[in-house]
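Residue numbers (my numbering): 61 to 560.
C-beta atoms are modelled at their ideal positions from N, C-alpha and C, and glycine is treated no differently.
This one's a predicted model, so the numbers in the text were calculated from it and none came from an experiment.
Below: one structure, written as structure tokens.
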Ligand SMILES: [Zn+2]
């Protein structure tokens, strides 16, 4: 950071924090202030060097895939609308990156450096590990840069972001009134740093607290203020040690011998956290790409309204599919740590093929189907997607692509069949196959069904071994079809001696 800028900020924030302190007993030259000043003076260079490299790669790839300016209309919007748009998009990216940092163990080690702040003030804002900063910038800034916002809008957005970041960390007693539910305030972000059980993993956004309100991660208790900030892990106190700390901690994590878990027998194995983290990252990339494609299709639908038959229905189907993808992304980010997963390669191959095999339809042009069939198939897709979204919401944080157990669900749609998400997806896929109208599509659809049944069987094996109560649940609830038990289907998953 520019030395003049630091001087100006010091001239503004030091007197302000003396005038309106939240913690009045906290001195200006509090513990570790010199270390945080080092961050101000040295970190900028490391972040710029790393982020320039990542940004060049990302934007090169983006331009290659979507062209130099895929959304030319963005730059034509009035300046105020562009600034608001940039804040919303960047902060959704920030929220996502921040939440990932709190849930992926190896990324947390980098982010823990920022959470090692024990006394909050404007200077502490800057204590961020360069890797943490580069990762967060990638998800928050790059999407905004790629979308064609004007330079003025980007500069205003950055200025507002920086001022708000300083304000959020400052030792200032400022309240935003009811606006605190919309805009991130110092009170809101101080709770994010609080080292208190009920405040952990809350208040992730940087500018718009409403994102946390919508996502159900907001924590703003009345008439209470944080008693202590910081983390319970031994983050060292000096700049150079803090730069090295995450790497050393990850190295230790990888070399830790895993405790063998109880309850896990021959067919399953304890899931390695690293495999789960990589799986999560891959899913975010792939489903993120699909979601982006959906957004593109929605934009095309909106701009070519007159030329598209059954426009309203087509738009509804796209919006519901985009919603389903958003729920997938949300629960992938927030999913619980794995308890165990199926051993061997076969369950993994079946899971990945089952998930993506329908993408094969892209290579084959669809047949021209009649208007009533198109209407019927689109309706089925909408109903199937809505049901899938509902079932996925009930599965919630236990969601996985691989045969992995996290938490047992037996309520809601899980009291009707044991695999409601697959059952709902059958409807959705039927719609897709009918809309495509080719023999090829029917073949791929049939293969998809076979793979999903096999996948459900692998998942049951893992669930049975992790949760002793699963056998009883399986005796009460049919596998895939509501109210109907097909002997061959049930027998294929029920171990001998457990059959009802
Ligand atoms: Zn955090």
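Query, Result
"Quick check: the Cα distance between residue 144 and residue 526, rounded to an integer number of angstroms?", "47 Å"
"So, using beta-carbon positions, are residue 459 and residue 392 closer together than 8 Å?", "yes"
"Use the C-beta contact count for residue 182: other C-beta atoms within 10 angstroms, 16 or more gives buried, fewer gives exposed.", "buried"
"Leaving out the 5 sequence neighbours to the left and right, which residues in its chain are closer than 7 Å to residue 228 when beta-carbon positions are compared?", "244, 246, 249"
"With DSSP run on the structure shown, which of helix, strand or coil describes residue 260?", "coil"
"For residue 91, which of 541, 184, 442 has the nearest alpha-carbon?", "184"
"Anything with a beta carbon under 6 Å from a heavy atom of ligand 1 counts; list them all in chain order.", "158, 162, 171, 175, 252"
"Which value, in whole angstroms, describes the spacing of the CA atoms of residue 435 and residue 373?", "8 Å"
"Excluding five sequence neighbours on each side, which residues of the same chain lie with their C-beta closer than 7 Å to the C-beta of residue 85?", "none"
"Determine, using beta-carbon pairs with one atom in the segment 191-209 and one in the segment 127-139, whether at least three such pairs fall under 8 Å.", "yes"
"Using a Cβ-Cβ cutoff of less than 8 Å, which residues in the same chain neighbour residue 542 once the five nearest sequence positions on both sides are dropped?", "476, 477, 483"
"How would you label residue 419, buried or exposed, when you count the other beta carbons within 10 angstroms and need 16 or more for buried?", "exposed"
"Nearest-angstrom Cα distance between residue 534 and residue 550?", "9 Å"
"Keeping to the same chain, check which residues put their C-beta closer than 7 Å to that of residue 446; ignore five residues upstream and five downstream.", "380"
"Give a yes or no on whether the C-beta atoms belonging to residue 220 and residue 73 are separated by under 8 Å.", "no"
"With DSSP collapsed to three states, give me the class of residue 294.", "coil"
"Once you ignore the five residues that flank residue 77 on each side, which residues in its own chain have a CB closer than 8 Å to its CB?", "88, 181, 182, 230, 231, 232"
"Would you tell me roughly how many angstroms separate the C-alpha atoms of residue 441 and residue 378, rounded to the nearest one?", "10 Å"
"Apart from the five residues just before and just after residue 114, which ones in its own chain have a Cβ nearer than 7 Å to its Cβ?", "194, 198"
"So, with DSSP's three-state summary, where would you put residue 541?", "strand"
"Does the Cβ-Cβ distance between residue 449 and residue 384 come in under 8 Å?", "yes"
"Taking contact to mean 3 or more Cβ pairs, one atom from each stretch, closer than 8 Å, check whether the segment 425-434 and the segment 488-497 are in contact.", "yes"
"Can you round the beta-carbon distance between residue 80 and residue 234 to whole angstroms, since I take them to be within the 8 Å contact cut?", "7 Å"
"Quick check on DSSP: helix, strand or coil for residue 464?", "strand"
"Near residue 562, which residues of its chain fall below 6 Å by C-beta distance, leaving aside the five closest residues on each side in sequence?", "Any property of residue 562 remains undetermined from this structure, which presents the chain solely from 61 to 560."
"Which partner residues of residue 254 appear in the DSSP bridge assignment?", "289"
"Going by alpha carbons, who is nearest to residue 463 out of 507, 126, 456, 512?", "512"
"Tell me the rounded alpha-carbon separation between residue 453 and residue 387.", "7 Å"
"Under three-state DSSP, which class holds residue 176?", "coil"
"Let me check understanding here. Comparing Cα to Cα, which of 262, 94, 83, 70 lies closest to residue 299?", "94"
"Which stretch, first to last residue, makes up the alpha helix (DSSP H) that contains residue 37?", "Limits of the chain in this structure are 61 at one end and 560 at the other, which puts residue 37 out of reach."
"Helix, strand or coil: how does DSSP classify residue 550 here?", "helix"
"Who are the Cβ neighbours of residue 175 in its own chain at under 6 Å, not counting the five residues just before and after it?", "291"
"Please report how far the alpha carbon of residue 363 lies from the alpha carbon of residue 428, in whole angstroms.", "23 Å"
"Could you tell me which residues DSSP puts in a beta bridge with residue 232?", "81"
"According to DSSP, is residue 425 part of a helix, a strand, or is it coil?", "coil"
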